[in-house]
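Residue numbers (my numbering), protein chains in the order written: chain H, 10 to 213; chain G, 3 to 161.
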């Protein structure tokens, strides 16, 4: 059943989204493990449909600095996807990839490149599982990274889903490697037509 | 006291209070101020134009309908339109996508839309700090008509 607003998502559709989220995060974890050549574990992700203001509060309030990695999707599925994490999580993740032990609040060019590459790999893994589950061909842009106030970073997906409602699909994921924990949030914003196309692939 | 304005929201305050919105990115923050009644209004709008969107029930989300409603609210508080001046900030390009898609220049379009509508209402825009690539927290002080701008890793400025 096509919807006109993300607030109209049915329970059945939401269960499907949650399942896609679980599978996507599982694939992202495997990809991250391979990239880092070490065992990464993942907690069961929490999938929610939330309002922007609530998401901003979840990630520490509008002025809290966060890292956002954003890419756009095109092809049979149009929209954008963001992977957002706290400054501390991004620092741990960059340190893991670059095998360094930096504790600075600022990020170097190398840190940004590493984060961009991680974004590419985990969102790519997420999208390829989405593509194979649905049989849709999905292309993604080169990801872009920004480090700024949560309100400002999240305004970008907020504006995008502001076109079709006030809620976005949020997947709260948590990766662990030894004593390093990384908490990240996937934010998926398919365009409404794409969303309806996605659901019709599952007979909904 | 400081009155807080959320994303896709507007509000007003009277002296000696200030009015603030946190973490403006591509959104635009418009302040309208009347010195004679010491009343300030602030809009934090996300999208330039309500007429191009199907789901436009939340009028404060859009520059056009948000300004219209904020002005009505100020009217009810005895503010005369001819006394109003405006200051504006925000409209950044947060992510450096190379293409000129709707996503990448939404900030610029928010700023342009605010200018068009302010002109329509005959409200002079006396200061702005818009565009570039970083987020801003803005706070307007009725006591000295100053709009303070705070950003991550930058000095505090005022316009």
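Backbone N, C-alpha and C fix where the C-beta goes; we use that ideal spot for every residue, glycine too.
Buried versus exposed, by CB contacts within 10 Å (16 or more), residue i
i, result
"residue 20(H)", "exposed"
"residue 13(H)", "exposed"
"residue 97(G)", "buried"
Assumed close pair residue i, residue j - CB separation to whole angstroms, cut-off 8 Å
i, j, result
"residue 20(G)", "residue 141(G)", "5 Å"
"residue 211(G)", "residue 68(G)", "Any answer about residue 211(G) is impossible in this case: the structure gives chain G only from 3 up to 161."
"residue 113(G)", "residue 144(G)", "Actually they do not touch by this definition, with Cβ atoms about 24 Å apart."
Contacts of residue i in chain G (Cβ-Cβ under 9 Å)
i, result
"residue 196(H)", "Near residue 196(H) there are no residues of chain G at all, since even the closest Cβ is about 13 Å away, more than 9 Å."
"residue 112(H)", "Those do not exist, as residue 112(H) stays about 17 Å from chain G at its closest Cβ, beyond 9 Å."
Residues of its chain near residue i, where Cβ-Cβ distance is below 6 Å and the 5 sequence neighbours each way are ignored
i, result
"residue 203(H)", "86, 87, 88"
"residue 123(H)", "103, 106, 107"
Beta-carbon neighbours of residue i, restricted to chain H and to distances below 9 Å
i, result
"residue 29(G)", "160, 161, 164, 167, 168"
Beta-carbon neighbours of residue i, restricted to chain G and to distances below 8 Å
i, result
"residue 86(H)", "Within chain G, no residue comes near residue 86(H); the closest Cβ sits about 15 Å away, beyond 8 Å."
Selected residue, minimal CA-CA separation from residue i, among the options
i, options, result
"residue 12(G)", "72(G), 30(G), 50(G), 65(G)", "72(G)"
"residue 23(H)", "127(H), 166(H), 151(H), 179(H)", "179(H)"
"residue 129(H)", "55(H), 145(H), 92(H), 155(H)", "92(H)"
"residue 160(G)", "137(G), 129(G), 135(G)", "129(G)"
"residue 148(G)", "122(G), 17(G), 78(G), 53(G)", "17(G)"
"residue 31(H)", "206(H), 167(H), 181(H)", "181(H)"
"residue 3(G)", "14(G), 9(G), 10(G)", "14(G)"
"residue 157(H)", "127(H), 121(H), 144(H), 27(H)", "121(H)"
"residue 124(G)", "34(G), 46(G), 10(G)", "34(G)"
"residue 16(H)", "177(H), 119(H), 185(H)", "177(H)"
"residue 79(H)", "73(H), 154(H), 58(H), 127(H)", "154(H)"
Own chain residues within Cβ distance below 7 Å of residue i, not counting five before or after
i, result
"residue 116(G)", "30, 32, 65, 90"
"residue 81(G)", "36, 39, 41"
"residue 71(H)", "65, 158, 159, 160"
Within chain G, partners of residue i - CB distance below 7 Å
i, result
"residue 97(H)", "Result: empty, since nearest Cβ-Cβ is about 15 Å, beyond 7 Å."
"residue 61(H)", "9"
"residue 72(H)", "24, 25, 139"
Closer than 8 Å at the beta carbon, the chain H residues around residue i
i, result
"residue 17(G)", "Result: empty, since nearest Cβ-Cβ is about 25 Å, beyond 8 Å."
"residue 26(G)", "160, 161, 164"
"residue 94(G)", "161"
Contacting residues, own chain, Cβ-Cβ under 8 Å from residue i (five flanking each side not counted)
i, result
"residue 29(H)", "138, 139, 142"
"residue 183(H)", "51, 52, 54, 190, 191, 192, 193"
Chain-ordered neighbours of residue i on chain H, where CB pairs are closer than 7 Å
i, result
"residue 63(G)", "171"
"residue 73(G)", "Under the 7 Å cutoff, chain H gives no residues; its nearest Cβ is about 22 Å from residue 73(G)."
"residue 98(G)", "153"
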